[in-house]
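Numbering (the working numbering), first residue to last: -10 to 152.
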């Protein structure tokens, strides 16, 4: 039974790692150059601080997810992993929120600020941005499941231990 739980946890952590890694790869590879009459511009993630934050946050979570895959199941560090899982889940949620706001402005524009929508002109860039956001949301969902399981398995015995 314990081995089955460990395998499920490793699979979930591996899926979370793949989701955040793919979000980073897709966002970093998203760029498109467009020429309108005499004006040429390039849409890429480095043009927006929110998208840079998205890439950095997903990169941090990817590295963490890779390192936790090799943590032994008997280690006392699993109590610390619960805290780090919580912090990194919140980091991912905040980066997705920031990137989603930029994606919304790119798709719809903002009439009050006179910002025009750019997704009609740079559809490849917007499709990559959407794919990265979807992959990161999948990563957040998996990390939330892992977080709930970690809270249950690591903290519950501490709280319900009979004295």
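We put the CB at the ideal spot given by N, CA and C, even for glycine. Please read all numbers here as calculations on a predicted model, not as lab measurements.
Among the options, which one has its Cα closest to the Cα of residue i?
| i | options | result |
| --- | --- | --- |
| residue 104 | 114, 29, 92 | 92 |
| residue 54 | 68, 90, 5 | 5 |
State yes or no: is the C-beta of residue i within less than 8 Å of the C-beta of residue j?
| i | j | result |
| --- | --- | --- |
| residue 9 | residue 51 | yes |
| residue 13 | residue 81 | no |
| residue 7 | residue 117 | no |
Near residue i, which residues of its chain fall below 6 Å by C-beta distance, leaving aside the five closest residues on each side in sequence?
| i | result |
| --- | --- |
| residue 32 | 21, 111, 114 |
| residue 62 | -5 |
What does the Cβ neighbour count give for residue i, buried or exposed, with the cut at 16 atoms within 10 Å?
| i | result |
| --- | --- |
| residue 2 | buried |
| residue 131 | buried |
| residue 0 | exposed |
| residue 45 | exposed |
| residue 34 | buried |
Once you ignore the five residues that flank residue i on each side, which residues in its own chain have a CB closer than 8 Å to its CB?
| i | result |
| --- | --- |
| residue 75 | 136 |
Taking DSSP as the reference, what is the three-state secondary structure of residue i?
| i | result |
| --- | --- |
| residue 24 | strand |
| residue 142 | helix |
| residue 99 | strand |
| residue 30 | strand |
Excluding the 5 residues flanking residue i on each side, which residues of the same chain have their C-beta closer than 7 Å to its C-beta?
| i | result |
| --- | --- |
| residue 122 | 85, 88, 89, 92 |
| residue 120 | 15 |
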